[in-house]
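Have a look at the structure below, then the notes.
Protein chains in written order, with our numbering: chain A, -2 to 415; chain B, -4 to 271.
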């Protein structure tokens, strides 16, 4: 018995050396800041994030501890850490999760930290607006552009189109020509599943002259809504779009030359490069274009996409976090981030840099950014629920279970009930 | 009689094929994708097309992934060991001792299974934080033992129930204490049941993503499931071929363990199913 007990004790002690020893005590230094997000975990951006971190450390003498998760889990993990009162000083926040984090009331007003003058003189007002809620500047723009339509110029050329279509009617003609090629290419990879389907639907609703919500938050879904849903259904019936396509699927298929159009942000380039396209040649197979308009002269519609930096109000190192944020958006660092990962800089000075203005790939996205709007649910606390409802009703129509009119009516009823 | 009819055989064969398709096709598809070059991930061919082992080789030679694998093995083996040990003691206690509150605790064990583990995450996170265990293997170990305990305890209780009390009484007459009885008589007879719980605990911790991602954020101590997801599932792109290859590599230890111990696992799960 003694022998067995001793064995158990030894096992426990041995494990303590591994596990207990690994329970690293949090560094106590006065300027050890915790930076959270997701890009520092991803293969494509791990190196540049490490460079940013170490560059700031050697420049400032402060220490930066990175804590990362997947992009999809970051909001949830940030909330858990905030609930637990764990140290969090600065975080990367996607536009999609920004509101969720802001609603916790844990973000610092950057006007107070940076000063309104610095913000106004450094960033374009449109990008600041994205990170502003109820007059408080809760997000610092870091990298922003529009989610617009992306097309493959080589496929379009084969279908007889030297330029991308400018109107919805032309777009339909172009898709018909692509389908007629008989190469098995999906003409348009609009999202028909997951939350990205709701995101893709919104700019089309705007194109057809309606919105989901009015400015006061009440449900709108005007006449254009039925027209938009019916248009989707027609595209599906003609084989121009497909069911069960999400943003990730579209990216992969597009990068492999199996899709002619889809909606995406500047990140589209990364997938094309990963599929073997020379970064310098990306524009030949992956170019941004303004979304076709219903009538000539209309504004092309797109949604805003981007990453922001947020600083937590409870942080003991707000000044250091702000200093680090300034370092991250500084021209040298932002331009390096742009060169290595294609992330568009947002400061006035960096975005005027020749490397940025001469970048043909980025140009298409930046052109669309001028008229880009925030996703209609971006400021709503139940955004996920709303998007789920939109996707469920849209899919029911696409599957032939309801008509476009029934879809819009069901959407109205369900959204009003929230 | 019915089993020998042609109708039964047709029904049985069709059912087996359908069930087999549901069970094996996803696995075959996983292997198929792992063996495709990245550029062919979305090509619709099933083994008859360009294949490569490059993805699997790159996983096996990737030091970071191998470190995740090592961490997963440490955590899974230890949590499996502790879960089995605690479940065995608890199961024996519920089975062979009568004391006030026993049924209540047994019910509480069972009830705890009714709550989705995701809901408990926040409270476990806070507990680990207060105990200073965040970021350590202990946080994962304790969580996994806690989640394995209800099933483990109830399964082993059933096992111990089947052992005659006279056996224990005889040992007591011979002067053996409770610990000696458990170590020398009860546990050896409950080996199949304990192995089945060990496998259950191992698989549970091996597959966990949520808790390991939340409780351990240091890449050096990260386990395989979050490691793979973080490495290959990005905001902009997903490397499906590498992900599938890594999943095959990740499945190897569980498969080996299951293959060697499956007879104990099945014996452990079915014990007490037939009353004699």
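Think of the CB as a built atom: it goes at the ideal place given N, C-alpha and C, for glycine as much as any other residue.
- Within the region 247 to 277 of chain A, contact with chain B at the beta-carbon level (separation under 7 Å) is assigned to 248, 249, 250, 253, 255, 264, 267, 268, 271, 272 and 273.
- Listed along chain A are 248, 267, 268 and 271, each with a C-beta nearer than 7 Å to that of residue 232 (chain B).
- Following the DSSP letters along the chain, one finds residue 258 (chain A) in no alpha helix (DSSP H) but inside the beta strand (DSSP E) bounded by residues 256 to 261.
- Residue pairing for residue 235 (chain B): DSSP places it in no beta bridge.
- At least one beta carbon of chain A lies nearer than 8 Å to the beta carbon of residue 225 (chain B).
- A Cβ-Cβ distance of about 10 Å is found for the pair residue 210 (chain B) and residue 221 (chain B), leaving them out of contact under the 8 Å criterion.
- Under the 8 Å criterion on CB atoms, residue 71 (chain B) is classed as non-interfacial with respect to chain A.
- Three or more Cβ pairs drawn from the region 291 to 306 of chain A and the region 88 to 106 of chain A lie within less than 8 Å of each other, which places the two stretches in contact.
- Partner residues in the beta bridge of residue 305 (chain A), as assigned by DSSP, are A:90 and A:138.
- One alpha carbon belongs to residue 70 (chain A), the other to residue 396 (chain A), and they sit about 30 Å apart.
- Shown here for residue 179 (chain B): same chain residues with a beta carbon closer than 8 Å to its own, the five before and five after excluded, namely 166 and 171 in chain order.
- Looking at A:219, A:101, A:268 and A:178, the one whose alpha-carbon comes closest to that of residue 157 (chain A) is A:178.
- Between the C-alpha atoms of residue 40 (chain B) and residue 139 (chain B) there is a straight-line separation of about 40 Å.
- Beyond the five residues adjoining it in sequence on each side, residue 219 (chain B) comes within less than 6 Å, by CB distance, of 63, 64, 67 and 245 in the same chain, given in chain order.
- Restricting attention to alpha helix (DSSP H) runs no shorter than 4 residues, the region 138 to 184 of chain B encloses them at 160 to 168 and 173 to 176, ordered along the chain.
- A check of alpha carbon separations from residue 194 (chain B) across B:163, B:110, B:254 and B:243 identifies B:254 as the nearest.
- Here residue 3 (chain B) is exposed: its Cβ has fewer than 16 other Cβ atoms, across all protein chains shown, within 10 Å.
- Of the residues assessed, residue 16 (chain B) falls on the exposed side of the cut-off, its CB having fewer than 16 other CB atoms within 10 angstroms.
- Comparing alpha carbon positions, the residue from B:207, B:192 and B:214 closest to residue 83 (chain B) is B:192.
- Residue contact check for residue 170 (chain B) against chain A: no CB pair falls below 8 Å.
- The region 33 to 40 of chain A makes contact with the region 56 to 71 of chain A: 3 or more CB pairs, one atom from each, lie closer than 8 Å.
- For a Cβ distance threshold of 7 Å, residue set 249, 250, 253 and 255 of chain A lies close to residue 37 (chain B), ordered along the chain.
- At a cut-off of 8 Å between beta-carbon atoms, residue 208 (chain B) makes contact with chain A.
- Rounded to the nearest angstrom, the gap between the Cα atoms of residue 311 (chain A) and residue 87 (chain A) is 11 Å.
- In this model, residue 144 (chain B) and residue 78 (chain B) are separated by some 6 Å (Cα to Cα).
- In this chain, the beta strand (DSSP E) harbouring residue 183 (chain A) covers 183 to 185.
- Taking C-alpha positions only, residue 59 (chain B) is separated from residue 32 (chain A) by approximately 22 Å.
- In chain order, 268, 269 and 272 place their CB closer than 6 Å to the CB of residue 252 (chain A), counting only its own chain and leaving out the 5 sequence neighbours on each side.
- For residue 43 (chain A), the enclosing alpha helix (DSSP H) stretches over residues 40 to 57.
- The C-beta distance from residue 256 (chain A) to residue 186 (chain A) rounds to 5 Å, short enough to fall under 8 Å.
- Using a CB distance cut-off of 8 Å, residue 67 (chain A) counts as an interface residue toward chain B.
- Residue environment for residue 356 (chain A): buried (at least 16 other C-beta atoms within 10 angstroms of its C-beta).
- Restricting attention to beta strand (DSSP E) runs no shorter than 3 residues, the region 77 to 132 of chain B encloses none.
- Note that the region 200 to 210 of chain A does not touch the region 397 to 407 of chain A; fewer than 3 beta-carbon pairs, one per stretch, sit closer than 8 Å.
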